[in-house]
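Asker: What follows is a structure written as structure tokens; I'll ask about it next.
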Amino acid sequence: MFAYIIRRFFYALPILLGVNLLTFALFFIVNPADDMARMHLGQKHVTEEAVEKWKVEHGYHNPLFYNSEKAGVETLTETIFYKKSVRLFVFDFGYADDGRPIGRDIIERMWPSLAIAIPIFLIGILINISFALLLVFFRSTYIDIWGVVLCVILMSVSTLFYIIGGQFVIGKLMQLVPISGYDTGWSGFKFLVLPVVIGVIGGIGSSTRWYRTIFLEEIGKDYVRTARAKGLSEITVLFRHVLKNAMIPILTGVVVIIPLLFMGSLLLESFFGVPGLGSYTIDAIRNQDFAIVRSMVFLGSVLYIFGLLLTDISYTLVDPRVRLS
Amino acid sequence: MNNVEQKWWLWPAISLFTVLVLLNVLPGFFALKATYLWTDIFIFLLLVMVVMFSAYIRSKEHLSRPWKRVFERKMAMASAVVLFVFVVVGLLDSIHFRLPLTQQQGAEVHYSVDVSSVLDVLTSDLHEKIEKTYSAPFAIQAFTKETIDLPGGGSQRIYPRLKYGGAHLEKPEEQRMADITWRSANSVWQSIIAMLFLLLVVTMVSARYTRQKFSFLLTQVLRGETHLPWRVAILVTWVILLIVLFLINTATHYHVFGTDKVGQDVLYLSLKSIRTGLVIGSLTTMVMLPFAVLMGVMAGYFQGWIDDVIQYIYTTLNSIPGVLLIAAAILSIQVFISNHPDMFGTSIERSDLRLLALCFILGITSWTGLCRLLRGEAFKLRELEYIQAAQAFGVKNLRIISRHILPNIMHIVLIIVVLDFSGLVLAEAVLSYVGVGVDPSTNSWGNMINAARLEMAREPLVWWSLAAAFSFMFILVLAANLFSDAVRDAFDPRMQRQK
Numbered sequence: 032m033f034a035y036i037i038r039r040f041f042y043a044l045p046i047l048l049g050v051n052l053l054t055f056a057l058f059f060i061v062n063p064a065d066d067m068a069r070m071h072l073g074q075k076h077v078t079e080e081a082v083e084k085w086k087v088e089h090g091y092h093n094p095l096f097y098n099s100e101k102a103g104v105e106t107l108t109e110t111i112f113y114k115k116s117v118r119l120f121v122f123d124f125g126y127a128d129d130g131r132p133i134g135r136d137i138i139e140r141m142w143p144s145l146a147i148a149i150p151i152f153l154i155g156i157l158i159n160i161s162f163a164l165l166l167v168f169f170r171s172t173y174i175d176i177w178g179v180v181l182c183v184i185l186m187s188v189s190t191l192f193y194i195i196g197g198q199f200v201i202g203k204l205m206q207l208v209p210i211s212g213y214d215t216g217w218s219g220f221k222f223l224v225l226p227v228v229i230g231v232i233g234g235i236g237s238s239t240r241w242y243r244t245i246f247l248e249e250i251g252k253d254y255v256r257t258a259r260a261k262g263l264s265e266i267t268v269l270f271r272h273v274l275k276n277a278m279i280p281i282l283t284g285v286v287v288i289i290p291l292l293f294m295g296s297l298l299l300e301s302f303f304g305v306p307g308l309g310s311y312t313i314d315a316i317r318n319q320d321f322a323i324v325r326s327m328v329f330l331g332s333v334l335y336i337f338g339l340l341l342t343d344i345s346y347t348l349v350d351p352r353v354r355l356s
Numbered sequence: 007m008n009n010v011e012q013k014w015w016l017w018p019a020i021s022l023f024t025v026l027v028l029l030n031v032l033p034g035f036f037a038l039k040a041t042y043l044w045t046d047i048f049i050f051l052l053l054v055m056v057v058m059f060s061a062y063i064r065s066k067e068h069l070s071r072p073w074k075r076v077f078e079r080k081m082a083m084a085s086a087v088v089l090f091v092f093v094v095v096g097l098l099d100s101i102h103f104r105l106p107l108t109q110q111q112g113a114e115v116h117y118s119v120d121v122s123s124v125l126d127v128l129t130s131d132l133h134e135k136i137e138k139t140y141s142a143p144f145a146i147q148a149f150t151k152e153t154i155d156l157p158g159g160g161s162q163r164i165y166p167r168l169k170y171g172g173a174h175l176e177k178p179e180e181q182r183m184a185d186i187t188w189r190s191a192n193s194v195w196q197s198i199i200a201m202l203f204l205l206l207v208v209t210m211v212s213a214r215y216t217r218q219k220f221s222f223l224l225t226q227v228l229r230g231e232t233h234l235p236w237r238v239a240i241l242v243t244w245v246i247l248l249i250v251l252f253l254i255n256t257a258t259h260y261h262v263f264g265t266d267k268v269g270q271d272v273l274y275l276s277l278k279s280i281r282t283g284l285v286i287g288s289l290t291t292m293v294m295l296p297f298a299v300l301m302g303v304m305a306g307y308f309q310g311w312i313d314d315v316i317q318y319i320y321t322t323l324n325s326i327p328g329v330l331l332i333a334a335a336i337l338s339i340q341v342f343i344s345n346h347p348d349m350f351g352t353s354i355e356r357s358d359l360r361l362l363a364l365c366f367i368l369g370i371t372s373w374t375g376l377c378r379l380l381r382g383e384a385f386k387l388r389e390l391e392y393i394q395a396a397q398a399f400g401v402k403n404l405r406i407i408s409r410h411i412l413p414n415i416m417h418i419v420l421i422i423v424v425l426d427f428s429g430l431v432l433a434e435a436v437l438s439y440v441g442v443g444v445d446p447s448t449n450s451w452g453n454m455i456n457a458a459r460l461e462m463a464r465e466p467l468v469w470w471s472l473a474a475a476f477s478f479m480f481i482l483v484l485a486a487n488l489f490s491d492a493v494r495d496a497f498d499p500r501m502q503r504q505k
């Protein structure tokens, strides 16, 4: 197992390098630093000196890959690629355009993101799997048919509608909870209820349908027929046999997401004014702060690869046949 | 019979050719200057492909059978009719030209800078009637109070009459409800007549075509006993006709969905957004399809280092969070566009190019799923006996792929294309909200929602643009979802085993 994890770590390196090169190409080769400086300083009446000054301040004055003015190792380290991209590998994110250290911001903003994402994730899984089992229990009856239709309808509604509608009805008309805001500790609870509820509702349609397909696929298998032939009740069959055996496809889809919960939800956080990583990203995109966007891209891919690793490890926990070697 | 089978392409080709020639000739006939945007060209390419493919499928029994299964479902038939209407509106909005300006006799013709489409001309009643600012649906008065100078001196703060909404009424307070009711009643009987006419003509034509008795066919349709659920199709058509006629009757005199901040008719904006939604939903899959199919099949079929490289590419792309990759790419393009203003003539060309770029980037982020599925399928197929036999006979790899593998993975491609459509339409709204969607000047539901969102705090509430954008989007996405369900059930062999 340990050897497997080490090997996966080395397998992840080229992927991260690829992500790094790709974002580097997008941000620095398609648009030279001069263009970026000009855009930040305003399009017109920009002097060469101002552009140079902006570039030095933000560390874009070096050449891209190879600095011929320096000697020794510095030919490679005194470059934009080294300073802006390679440093990400040790999670040195550098500074945002407004001079704040990105690394500290990320650690600070991680907690509000988790406060919303983890409840949504857990409650969502619980509700969706229960609904799916319910539909499968009543399969090919009207409950199942209309349940699926309801799922399709829920899926067809834009997430924005859930958010705007929820804020309007619950926050504004009924005034049950504040429309937006955030607080630490227990006093923040009232701010979290609405985003969590909306986050869960927004996911019900597609997830329930997905779980239902997985369960239906399992229920057609031979071991289920054997279990029924033994005289087990339908409920025992569903919970003891089908649910357990459906764990592998479920884990494939679910475990990958867990590390990405850190990244937060872009929409929920920005609508509800939660100071998490999601709203951090949105603000960075709107302010065209490329340093933050680049860091978040890198962080996102690290977490995704970590999620893939977790998925493989989780297989060994639920399926004794799977061995990692 | 053999003769017919060989020429399946003849009639669609002739009709497509005629349409394309007409599209080129007609603008000149009406003294217009045809304009081709990049997305227009892609849309018509897609249309040509769809028409040719469906003609080919019709000619082959084994290919058309699953499609018949799709349309046997009432839900699928109903949503197909709805989708068809959306597509027609989108296509009408994709024929662009520039109108000539009024000129003196004999002088050289100058064309307007604004690019309009056939839809613009058809709905000129809507978008030329611009109010000052917000007005509610069917309103006759403005939404905000204004200071009006009274004739006898002095001034008063009142809700002024709208310039166009209900302008034909003399005593608006008393007449408004009666007028709207009368117009709605009118559209009911008009739609019934139109529907009956349509029913008779279609039944007559198909009676001639299938050599059945007209009365027999008509009773079959009305009783819902036809093989395909034509009765459902006709009912849905009637509902759509009713809505369209209602809009024609009322939208000429009122703002059915109200007006937005700058006084534009919200119904017009929603109609214009249909094209954007369809373009994003369909062009995105079209641009990603060749890559996904080629790479997936190659990875699964050749294996070895080709497989490694392709897997590496898609894992890398997949590991970047989708929104962030799109944001990164769109931000780069934005910088590029703002630094090279000379490369784009008009603002509509610029926003059109950004729409196309968005399709490409969405395609890049969404092809990995299909690629992985196809790789797995090709992997399974190459182990089958008939392909090993082909290899043993020395058939070339390229030929094995095109003859034996591609036809056997087409159902997956089709299912994914249809399934992806609705997700992409929804994604557009979210991306526009984040600020990395379509150009702010493009009409899209995302932009409408984004603009209206800022007015949520207003008292009383401005709800109509949100309502219009959300309901248009909901109807399109729901129809697409229901249709794609039927397609998946008909084409996915796993689904058939479950039944």
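Chains F and S supply the protein sequences, listed in that same order. Converting from the first sequence to the numbering used here requires adding 31 to each position, the first position being numbered 1. Converting from the second sequence to the numbering used here requires adding 6 to each position, the first position being numbered 1. Each residue gets a CB set at the ideal place from its N, CA and C atoms; glycine is no exception.
#1: Name the chain F residues that come within less than 7 angstroms of G441/S, Cβ to Cβ?
#2: Does the Cβ of L125/S have 16 or more other Cβ atoms within 10 Å, making it buried, or fewer, making it exposed?
#3: Could you check what DSSP says for Y213/F in three-state terms: helix, strand or coil?
#4: Whole angstroms is fine: what's the gap from V119/S's alpha carbon to E355/S's?
#5: What do you get for K386/S, buried or exposed, if any count of 16 or more other CB atoms within 10 angstroms of its CB means buried?
#6: Which runs of the beta strand (DSSP E) at least 3 residues long sit entirely within the segment 157 to 223 of chain F? Give them in chain order.
#7: Is any beta-carbon of chain S found at less than 8 angstroms from that of F40/F?
#8: Considering only residues of the same chain and omitting the five flanking positions on each side of V227/S, which have a CB-CB separation below 8 angstroms?
#9: Give a yes or no on whether 8 angstroms exceeds the smallest Cβ distance from S264/F to chain S.
#10: Under the rule that 16 or more other beta-carbon atoms within 10 Å means buried, what is R131/F, buried or exposed?
#11: Just to confirm, are T322/S and L207/F a CB contact at a threshold of 8 angstroms?
#12: State yes or no: is the beta carbon of Y318/S nearer than 8 angstroms to at least one beta carbon in chain F?
#13: With 8 angstroms set as the bound, which would you pick, yes or no: does the beta-carbon of T54/F sit closer than that to a beta-carbon of chain S?
#14: Under 8 angstroms, do I332/S and A363/S count as touching if we go by C-beta distance?
#15: Closest to W451/S by C-alpha separation, out of L277/S, S70/S and I154/S, would be which residue?
#16: Whose C-alpha, out of F293/F, Y242/F, I147/F and L297/F, is nearest the C-alpha of L166/F?
#17: Cβ of H410/S within 8 angstroms of Cβ of A396/S?
#18: According to DSSP, simplified to helix, strand and coil, what is V268/S?
#19: So, does the CB of I418/S fall closer than 8 angstroms to a CB anywhere in chain F?
#20: Straight-line CA distance for T342/F to I289/F?
#21: Keeping to the same chain, check which residues put their C-beta closer than 6 angstroms to that of G269/S; ignore five residues upstream and five downstream.
#22: Which residues in the same chain as M141/F place their Cβ atom closer than 7 angstroms to its Cβ, once the five residues preceding and following it in sequence are excluded?
#23: What does D491/S reach in chain F if we use C-beta pairs closer than 9 angstroms?
#24: Who are the near neighbours of R75/S in its chain, counting only those whose CB is closer than 6 angstroms to its CB and skipping five residues on each side?
#25: Evaluate the contact criterion for the segment 186 to 204 of chain S versus the segment 153 to 165 of chain S: three or more CB pairs, one atom per stretch, below 8 angstroms.
#26: For G236/F and C182/F, which I take to be in contact (beta-carbon distance under 8 angstroms), what is that distance rounded to the nearest angstrom?
#27: What residues from chain F crowd round A335/S, counting only those whose CB sits closer than 7 angstroms?
#28: Ignoring anything shorter than 4 residues, give me the alpha helix (DSSP H) runs that lie fully in the segment 9 to 44 of chain S, in order along the chain.
#29: Using DSSP's beta-bridge definition, name the partner residues of Q147/S.
#30: For P306/F, return the contacting residues in chain S, with the cut-off set at a CB-CB distance below 7 angstroms.
#31: Rounded to whole angstroms, how far is the Cβ of I151/F from the Cβ of V227/F, which I believe are closer than 8 angstroms?
#32: In whole angstroms, what is the alpha-carbon distance linking R71/S and S428/S?
#33: For A298/S, which residues from the same chain have a beta carbon less than 6 angstroms from its beta carbon, with the 5 sequence-adjacent residues on both sides left out?
#34: Here's the rule: buried if 16 or more other CB atoms are within 10 angstroms of the residue's CB, otherwise exposed. What is R388/S?
#35: With a floor of 3 residues, list each beta strand (DSSP E) that falls wholly inside the segment 174 to 206 of chain S, ordered by position along the chain.
#36: Kindly indicate the opening and closing residues of the alpha helix (DSSP H) around P106/S.
Answerer: From the atom records:
#1: I316 and R317
#2: buried
#3: coil
#4: 12 angstroms
#5: exposed
#6: none
#7: no
#8: L205, T209, W236, R237 and I240
#9: no
#10: exposed
#11: no
#12: yes
#13: yes
#14: no
#15: L277/S
#16: Y242/F
#17: yes
#18: coil
#19: no
#20: 10 angstroms
#21: I136, E137, K138 and T139
#22: F293 and L308
#23: V179 and V183
#24: A496
#25: no
#26: 5 angstroms
#27: L57
#28: 16 to 35
#29: R167/S
#30: Result: empty, since nearest Cβ-Cβ is about 17 angstroms, beyond 7 angstroms.
#31: 5 angstroms
#32: 25 angstroms
#33: W373, L376 and C377
#34: buried
#35: none
#36: First-last for P106/S: H102 to P106, but that is the beta strand (DSSP E), not the alpha helix (DSSP H).
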